[in-house]
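Working notes, structure below.
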Amino acid sequence: MGQDKVDRQVKGRNLDNTIAQWSAFYGRPITPDEAKEILDNVIALELLLRKLRKKYG
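As structure tokens, this is what we get:
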């Protein structure tokens, strides 16, 4: 299986999981676009925290 296909499958599963988890929190089904925004924000937060840990220990 090509890496591109694997990446799409992983992203699809992450979107599905995000939709399931956050829909319960919001009390309504969230859209795939909302799920993508949530994932993007969580990833950005993780990268920032790693950068701060590296800088400040």
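Per our numbering, residue 4 is the first one in the sequence shown, and the count goes up by one each step.
Backbone N, C-alpha and C define an ideal beta-carbon position, used for all residues, glycine too.
| message | Here's the rule I'm using: 16 or more other beta-carbon atoms within 10 Å means buried, otherwise exposed. How should T21 be labelled? | response | buried
| Pairwise C-alpha distance: E49 and L55 | 10 Å
| C-alpha gap between K39 and K14, whole angstroms | 9 Å
| said: Measuring only the C-alpha atoms, how far is Y59 from L51? | reply: 12 Å
| query | Which same chain residues, not among the five before or five after D17, have their C-beta less than 7 Å away from its C-beta? | reply | It is worth fixing the name first, because residue 17 is Asn in this sequence and not Asp. So the qualifying residues of the chain are L42.
| query | Quick one: is I46 buried, meaning 16 or more other Cβ sit within 10 Å of its Cβ, or exposed? | reply | exposed
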